[in-house]
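This report refers to the structure that appears directly beneath it.
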Amino acid sequence: MTANAPFDRALIDRRRVRAAARAAPGASFLLDAVADELAERLSLVQRQFAVGVELAGHTGALAARLGRGGQVERLLRIERDARFLGPGEGVVADEEALPLRDESVDLVLSPLSLHLTNDTPGALVQIRRALRPDGLFLAALLGGETLNELRASLLAAEAEISGGASPRVAPFADLREAGGLLQRAGFALPVIDQDRLTVRYASMFELMRDLRDMGMSNMLHARARRPVGRQLFFRAAEIYAERFADADGRLRATFDVVYLSGWKPHESQQKPLKPGSATHSLAEALRPKD
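See the structure below:
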């Protein structure tokens with residue numbers, strides 16, 4: 527862990543594994559929606575990809591959709607925990623330390639994981655290096671005003687009760703910041719856009735239950751370690767209802783999904799490879815063990 531690392535990655539792993547084990551009905555709605563969107567965006571690219579990589583998809587929803595589409599001939603899944611992988615389906619590795627050779631894959635997809643890396647610029651540089659010239663990177667990450675209602679309610683309640691506040695909702699990049707990350711990493715033809723998903727809940731506690739079931743509870747290193755009294759959350763729920771309720775009493779929760787795409791630079795950038803022209807295998811993408 528570096529001194530300024532915002533996220534407790536080990537805690538993120540534990541919470542994701544517990545969430546997967548619970549498999550609460552409907553808990554994967556956000557990942558499912560993003561998987562649908564990424565698969566749709568990829569289908570608009572008139573190209574076959576010989577070797578693709580899915581980074582930290584967790585549920586396998588995106589991999590399943592790509593398998594049905596037939597646009598990716600071989601797909602390698604990379605997860606931080608083996609429990610997210612089926613037999614022979616992929617490898618266990620970190621998004622911040624990719625086990626990929628330079629210029630070894632044609633496509634990298636990342637559904638809702640890069641916003642929780644401590645070195646996102648470094649991860650993007652590794653992705654760009656792993657791509658063959660004219661290879662494609664597609665990603666989705668949470669950004670913008672995601673969970674701004676919950677953040678504001680918790681901060682207001684804690685300031686009112688204790689006179690101070692500790693971070694309880696992760697910070698998220700905006701569109702400009704996301705675009706800057708792609709450019710700094712050396713991607714060509716970067717495209718950034720955002721979809722806003724507004725989910726409505728009966729109470730703040732219902733939202734927090736969904737976040738727990740998605741493995742998205744507070745994972746910041748700077749989170750408060752002392753026990754939190756019930757009074758804080760009851761007051762935050764009241765503030766949430768006062769400030770962010772619709773006319774029917776249901777509460778709004780914002781999820782801004784930022785979509786990124788970029789290409790590995792190549793002189794013939796606008797000339798996609800012909801289907802079936804690749805001659806490399808999936809195994810060649812993995813670095814040999816020392």
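My numbering puts the sequence shown at residues 527 to 816.
Cβ coordinates follow ideal geometry from the N, Cα and C atoms, glycine included.
Computed from a predicted model, the values in this text were never measured in an experiment.
Beta-carbon proximity of residue i to residue j, cut-off 8 Å
| i | j | result |
| --- | --- | --- |
| residue 783 | residue 701 | no |
| residue 789 | residue 715 | yes |
| residue 604 | residue 612 | no |
| residue 625 | residue 791 | no |
| residue 666 | residue 762 | no |
| residue 546 | residue 584 | yes |
| residue 601 | residue 621 | no |
| residue 631 | residue 657 | yes |
| residue 699 | residue 641 | yes |
| residue 562 | residue 594 | no |
| residue 718 | residue 704 | yes |
| residue 553 | residue 721 | no |
| residue 644 | residue 536 | no |
| residue 758 | residue 676 | no |
| residue 619 | residue 599 | no |
Burial state of residue i, where buried means 16 or more other Cβ atoms lie within 10 Å
| i | result |
| --- | --- |
| residue 646 | buried |
| residue 564 | buried |
| residue 597 | buried |
| residue 688 | exposed |
| residue 548 | exposed |
| residue 534 | buried |
| residue 610 | buried |
| residue 628 | exposed |
| residue 578 | buried |
| residue 582 | buried |
| residue 589 | buried |
| residue 815 | In this predicted model, residue 815 has a pLDDT of only 47, less than 50, meaning its place in the structure is not dependable; the value taken from the coordinates is given anyway. Exposed, since its Cβ has fewer than 16 Cβ neighbours within 10 Å. |
| residue 649 | buried |
Contact set for residue i: own chain, Cβ-Cβ below 7 Å, skip 5 residues either direction
| i | result |
| --- | --- |
| residue 557 | 584, 585, 587, 637 and 638 |
| residue 568 | 597 and 664 |
| residue 497 | Residue 497 falls outside the range modelled here, since the chain spans only 527 to 816, and no answer is possible. |
| residue 571 | 662 |
| residue 801 | No answer about residue 801 holds up, because its pLDDT of 47 lies below 50 and its placement is not dependable. |
| residue 710 | 647 |
| residue 671 | 780 and 782 |
| residue 739 | 545, 548, 550 and 553 |
| residue 775 | none |
6 Å Cβ shell around residue i - same chain, five flanking residues per side excluded
| i | result |
| --- | --- |
| residue 663 | 634, 653 and 788 |
| residue 527 | Note that residue 527 scores 44 on pLDDT, short of 50, meaning its location in the model is unreliable and no value can be drawn from it. |
Assumed close pair residue i, residue j - CB separation to whole angstroms, cut-off 8 Å
| i | j | result |
| --- | --- | --- |
| residue 741 | residue 541 | 4 Å |
| residue 730 | residue 777 | 6 Å |
Cut-off 8 Å between Cβ atoms - residues of its own chain near residue i, not counting five sequence neighbours on either side
| i | result |
| --- | --- |
| residue 539 | 606 and 607 |
| residue 544 | 741 |
| residue 697 | 532 |
The ligand GDP heavy atom lying under 7 Å from the CB of residue i
| i | result |
| --- | --- |
| residue 739 | This structure lacks the ligand GDP, and indeed carries no ligand of any kind. |
Open item on the list: Can you confirm whether the region 766-775 touches the region 634-645 when touching is taken to mean that 3 or more C-beta pairs between the two stretches lie within less than 8 Å?
Closed with: no
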